[in-house]
Amino acid sequence: MSAATWQQVLAAAKTPDDVIASARNFVATVDYADLARLPEVCKPGKFVDTHDVASYAYDLARHHCDELDSTVAETIHKLSAFFSQAVVRLSQLAAPQPANREVVKLFTS
């Protein structure tokens with residue numbers, strides 16, 4: 008899937024479990040050889056709950072790629088972009104929704 012498609016998948020997630028399933032599916036699309044070359048701290052683990060997704064997003068975001076070869080750095084950036092968006096979606100789902108209040112859509116697709 009393209010980056011836009013994964014953004015659409017996350018935007019369509021209705022529950023935290025949908026986001027977690029999307030995270031698993033996204034990682035499954037990354038080439039195994041590319042994942043194997045990642046530094047230990049950047050290798051994905053199991054995604055059981057929202058904490059796992061958020062923790063991995065944090066680990067990716069704080070990792071410096073300066074000393075890594077371009078393929079490894081690209082994989083980290085790709086993973087980081089997805090997981091950053093996943094955390095944003097999780098926070099949106101966790102936010103209280105106003106009852107009986109019309110939500111104004113600021114941006115349209």
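Sequential numbering from 8 applies to the sequence shown in the numbering used here.
Note that CB positions come from ideal geometry on N, CA and C, so glycine has one too.
So PHE89 is in the alpha helix (DSSP H); what residue range does that whole segment cover? 77–101
Mapping the DSSP letters down to three states, classify GLN104 as helix, strand or coil. coil
Give the DSSP-derived three-state secondary structure of PHE54 in the structure shown. coil
Any idea if TYR39 is buried or exposed, counting beta-carbon neighbours within 10 angstroms, 16 or more meaning buried? exposed
Practice task
Select from HIS71, ALA30, PHE89, THR22 the residue whose C-alpha is nearest the C-alpha of LEU100.
Solution key: THR22
* Asked: What three-state label does DSSP hand ASP38 in the structure shown?
  -> coil
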